[in-house]
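One structure is given here, and the rest of the page talks about it.
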Amino acid sequence: MVETKFHRKISEVRKEFRGRIFDLQAFCRVNSAPEGVAVPAVSLPSNETQGQEEWRVVSSGAKRRKVLRAPQ
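In my numbering, the protein residues as written are 9 to 80.
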């Protein structure tokens, strides 16, 4: 019984980890787009962004910094 619960928990953690890796890959792909190229918004769920629908990648300034802003 304990072993079954353990394996179920391991399976849940693997699924969650894969989902987070996918989110990170999508974020990196969008965030590394050349300045001026239109890219879709990417959602990154976390405690800080709880309840916010999306974050948009915004390029600004001569330094080409990438800034994340939550929608208003």
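Note that the Cβ used here is the ideal one computed from N, Cα and C, for glycine as well.
Only a predicted model underlies this, so the values are computations on that prediction, with no experimental measurement involved.
In three-state DSSP terms, what is residue 19? helix
For residue 37 and residue 27, I'd like the C-alpha separation in whole angstroms. 15 Å
On the CB-based measure, 16 or more other CB atoms within 10 Å of its CB, does residue 10 come out buried or exposed? exposed
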